[in-house]
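Residue numbers (my numbering), protein chains in the order written: chain A, 7 to 325; chain B, 7 to 325.
Step one of this worksheet: look at the structure below.
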């Protein structure tokens, strides 16, 4: 457990395995060595003293004391759920945290508590601000969740880059190419070489629109919470010069604050959209989170496939 | 004033002129005839009885009674500002409203009150949900604002389509072409013909990502507030079969809830980004809202140019 207590190790393991089960290996076991390396080098604090500051019944500020990101975010979302249950709306800002894996993991917890939720986090430099040729914003996911009136949570968990950085990392690790039009090399030329893309710049969705959304997430999760921002979040894989001090911001809301029949309204909304005429080759119109949930269900009954390079890494960690 | 009282007419005129001053004519005087037509046909209520329901000191629900959207949104943002000033966070849901023009107009008011703000609104069908060939989501803007530590508000006001629908409308009206890659005709073929694009489908930013963001905005502003959703918002120009019943959702937050030095933090954030190396031909890296503000300042001293067709429309309205 590399110095983590049982509870913290268990939260972290759960988040990592969840990433494998939803087939997001970029956020799963391929990161285990990195987390252990950072604990060893005292950049992640295995015994954090996490401080809560109650601003109001709705609003809480958390100083995670460089805990592993999973633990900080897990505590944070639980607080945001508690606040919204009490007052209708919850707002939790977290500073001195680290990479917390998939936002959807935390959003799901709020949705299971019948809440609408936003999760914001910043990340190491990957995207160039519109007009610049140097990367500065992280892929800065926007995550939004709501109960869907079924047992499948509606969870949009989208980076504002054309492709997740984790996917490029995995491609680089196992020697695969990346799609066209998602990244430039360090000289500003389009590339399908994953390693060159990592050294270069990722492209945001919709040009200035995606760049603006990345900036918004940096402000919400970094500037506002007291976390690092403006390109100061260190790359957890490459930069061991200090802790990441990532910030997260969670907003939670009761679904039925305004319309008492939220459950039937969201059911109708999804039903209408699912019934639309489909483009050729599409079997079903899916809401965000639906295919992730289907993968999770399917993979729960199967063994997890781990690439050789990552298996070797994990075996070494156990020695 | 077409039946609107002085105060409501003044709010509406101010919002329309503001759109012209920031050079967003698609949201300016080109819509005046449409608003008047809808009032005449009793689809906009010139004498609305707007009802407030206080859920808590932070949360308010507003039934706009089919008022003109400008008035509903203006009252709503003022309430959201009041709530956040009192408790740190404000949440206002509005139903039975109409097209409210530019989100930035309302976000600016919150920013001038030193608040961070989200404005969400849905809109008539324009974008096809990912996997479908029929348009259903509006261009559903995401608007985010924060004080920038200068007198220029940081305001990201971005539709989740590749191009604003209003721009396509203006292009159709004055016979201009639209850019490639932003729309399909009704047969699903790419088009640069504005009229064909209006009859077809607009493309979202980043494929499924933009489609998911549009769905999120539909849920927040429609499903949650009690407004129309799921493609039921009527096109204000073409559909006179009933009121629009658009919903809006505003979230406001004090900037310094977590970091007391927010002002210096955002100043530093913007400074770092502005100093990045620029791509060829770019004079300055601008934050969202900066060029809009510059246009506003410049145009305040100039006459507003009105295309002939729109001038004729307005002259007829005055008779």
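Cβ coordinates follow ideal geometry from the N, Cα and C atoms, glycine included.
With respect to chain A, the C-beta atom of residue 265 of chain B has a partner C-beta closer than 8 Å. Using a Cβ-Cβ distance cut-off of 8 Å, the region 46 to 59 of chain B and the region 216 to 225 of chain B are not in contact, since fewer than three pairs of beta carbons, one from each stretch, lie closer than that value. Rounded to whole angstroms, the gap between the alpha carbons of residue 93 of chain B and residue 144 of chain A is 31 Å. Contact annotation: residue 83 of chain A and residue 256 of chain A have beta-carbon atoms nearer than 8 Å. From the beta-carbon of residue 268 of chain A, the residues of chain B found nearer than 9 Å are 229, 230. For residue 151 of chain A, the uninterrupted beta strand (DSSP E) segment begins and ends at 148 to 152. The beta carbon of residue 63 of chain B sits closer than 7 Å to the beta carbons of 89, 92, 93 from its chain, once the five residues preceding and following it are set aside; these are given in chain order.
Counting along the chain, residue 228 of chain B sits inside no alpha helix (DSSP H), nor does DSSP assign it H or E at all. Taking the beta carbon of residue 127 of chain A as reference, no residue of chain B falls within 7 Å; the closest one sits roughly 15 Å away. The DSSP-derived three-state label of residue 250 of chain A is coil.
The beta-carbon distance between residue 236 of chain B and residue 87 of chain A, rounded to whole angstroms, is 28 Å. This is too long to meet the 8 Å contact definition. No Cβ of chain B is located within less than 8 Å of the beta carbon of residue 40 of chain A. The C-beta separation of residue 227 of chain B from residue 127 of chain B comes to about 5 Å, placing the pair in contact by the 8 Å criterion. For residue 237 of chain B, the neighbours in chain A by C-beta distance under 7 Å run, in chain order, 278. Ranked by how close their Cα comes to the Cα of residue 76 of chain A, the residues A:47, A:97, A:24, A:134 have A:24 in first place. Listed by position along chain A, the residues whose Cβ is nearer than 8 Å to that of residue 288 of chain B are 137, 138. In this structure, residue 285 of chain B sits near residue 138 of chain A, with a CB-CB distance shorter than 8 Å.
Not one beta carbon of chain A lies nearer than 8 Å to the beta carbon of residue 56 of chain B.
Counting C-beta pairs with one atom in each stretch, the region 162 to 174 of chain B and the region 198 to 212 of chain B have three or more that are closer than 8 Å, which means they touch. The C-alpha of residue 204 of chain A lies about 11 Å from the C-alpha of residue 176 of chain A.
Chain-ordered, the chain A residues with CB closer than 9 Å to the CB of residue 64 of chain B read 62, 64, 93, 94, 95. Any Cβ of chain B closer than 8 Å to the Cβ of residue 275 of chain A would place that residue at the interface, and such an atom is present. Listed along chain A, no residue sits closer than 8 Å to residue 171 of chain B by beta-carbon distance, the nearest being about 14 Å off.
Neighbourhood of residue 67 of chain A in chain B, by CB distance below 8 Å: 263, 264, in chain order. Residue-level contact check: residue 159 of chain A does not touch chain B, since none of the beta carbons of chain B fall below 8 Å from its beta carbon. Residue pairing by DSSP places residue 67 of chain A opposite A:59, A:99 in a beta bridge. Leaving aside the five residues that flank residue 268 of chain A on each side, the residues in its chain whose CB is nearer than 7 Å to its CB run, in chain order, 261, 262.
In chain order, 8, 9, 10, 45 place their CB closer than 7 Å to the CB of residue 52 of chain A, counting only its own chain and leaving out the 5 sequence neighbours on each side.
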